[in-house]
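Residue numbers for the sequence shown follow the numbering used here, so the first one is 733 and each next one is one higher.
Cβ coordinates follow ideal geometry from the N, Cα and C atoms, glycine included.
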Amino acid sequence: MTSRQECPSRGRRRRYTGRVAAAPTHRIERLPVAAPGLVALRSHSDQRYTGVKDAHLLSRFEAGTSEFWTRGREWQGRPGVIVVHEPGDVQRDLRRRGTVTYQLIRLAPSLLEEIERVPSRRPQAWFAPEDPRAAALHRLHDAVAAGSDRFELECAITEAIDALAHAAATTEHGQTLTRPVRRALELIREQIADTLTLDELARQAGLDKFHLCRAFRAQVGMPPHAYRTQLRIMRAKVMLRAGVQPKDIAPRVGLYAQSQLNRHFRRIVSMTPGQFARDA
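Below you can see the structure in the form of C-alpha cells.
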C-alpha cells in the first residue's frame, strides 16, 4: 500500500478572494497661472500628510473628506472648505476617507503686506463652504481653475487678500502657544543648523524636558526633533530652488551626511533632492 505524502503547507493555505490591494493615490498637477507671485497646484491623494507649511497657502477642498489637526485643534475638510495656512503652521492629517482632491494656491510674501501690517492678528484658519467672508477666496480659486488672464487674476488676488485681512481671527479658536513653547520654537528656528540638545532647549524655555516635550507636541502638533527636521528640509528646498547642489546642502542645514538628507527629504517631500532640483 502506497503511503500518501502530506503537503507541508496543508491546512495553512490562504484563500484567494480575488481582491487586489489598491495602489495608493498621490498625484500633484501644477496649474498654469498668468500672475506673478502666485503658484497653483491640484493634489489628489489618499495618503495622510504631516508637515510644516513653508508659505502662505490657500487650499480649497474639491472632493473627499478628511479630519486634520492644525493651530491647536481638529478641523474637517470637505468640498467647498477653504483652509488658510501661514509659514510655520503644522498640519497633521488624522483621517482621510478615500482620495482627497484640493486646489492649493501659494502666495508670495510680498502679496501679504496688508495682513502683516497688523501683526497681532492672524488670518482665519478655516472657512465653511457657505461662509460669506470666503466669497473672494472662492473667486480667486475659480479664476485660477479657469486659467484667467493676468488682469483678472490680479483683481482676484487683491480682493482675496483684502478679505483675509478683514476676516483675520481676533480670537483664534485654536490653542494659544504658551511662552515656553514660543521660546522653544524661536530657538529651534535660530539654531536650525547647529547642535541643540533637549536639555539646553528645556533650560532656555524654562521647563524641564518632560513637560516641554509634552507641551510642544500638544501645542505645535509634533515633537521638537520632528519640527526641526521639517524646518531643515524646508531650508533645503529653498537652497535647491536657488541652484545649490544637493551634495552641498546637508552640512548647511545641520545634517551630518548626504544620505541623511536624502532619507528625510524623500520621506517628507516624496522625492529625492535631485528630483526636486530638476522640477524646481
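With 16 or more neighbouring CB atoms inside 10 Å of its own CB, F948 falls in the buried class.
Comparing alpha-carbon positions, the option among A899, L909, F997, G769 lying closest to R803 turns out to be L909. Under the three-state reduction of DSSP, I924 is assigned to coil, being neither helix nor strand.
Between the alpha carbons of L963 and L836 lies a gap of roughly 21 Å. Here Q835 is bridged, per DSSP, to R774, R792. For R838 and R824, the gap between their C-alpha atoms comes out near 19 Å.
Per the coordinates, the alpha-carbon of A974 lies some 32 Å from the alpha-carbon of W801. At a Cβ-Cβ threshold of 9 Å, T831 and A877 do not count as neighbours. When secondary structure is reduced to three states using DSSP, D786 falls in the coil class, being assigned neither helix nor strand. About 20 Å separates the CB atoms of R999 and A925; that is not less than 8 Å, and the two are not in contact. Assignment of alpha helix (DSSP H) within the region 922-1008, counting only whole runs of 4 or more residues, yields 930-937, 941-952, 956-973, 990-1001 in chain order.
Rounded to the nearest angstrom, the Cβ distance from E886 to A767 is 5 Å, consistent with a contact under 8 Å. Residue state for D825 is assigned as strand, using DSSP reduced to three classes. For E806, the uninterrupted beta strand (DSSP E) run begins and ends at 805-809, by DSSP. The residue among I981, L987, F883, A916 with its C-alpha nearest the C-alpha of T927 is L987. A direct Cα-to-Cα measurement between L770 and D940 gives close to 43 Å. Residue range 867-877 is occupied by the alpha helix (DSSP H) that includes V876, with no beta strand (DSSP E) assigned at that position.
Counting the other Cβ atoms within 10 Å of the Cβ of V970 gives fewer than 16, which makes it exposed. A direct Cα-Cα distance of roughly 8 Å separates A982 from A968. Between A888 and R914, the C-beta gap is not smaller than 9 Å, which leaves the two residues out of contact.
Taken atom to atom, the span from the alpha-carbon of R995 to that of V1001 is near 10 Å.
The three-state secondary structure of V813, taken from DSSP, is coil.
The three-state reading of DSSP puts L909 in coil, since its state is none of H, G, I, E or B.
Per DSSP, L843 is not a residue of any alpha helix (DSSP H), being assigned neither H nor E. Looking at the DSSP output, I760 shares a beta bridge with S775.
DSSP, read as helix, strand or coil, puts R780 in coil. In this chain, the alpha helix (DSSP H) harbouring R882 covers 882-898.
Its Cα nearest to that of Y834, the residue S777 stands out among S777, D821, R805.
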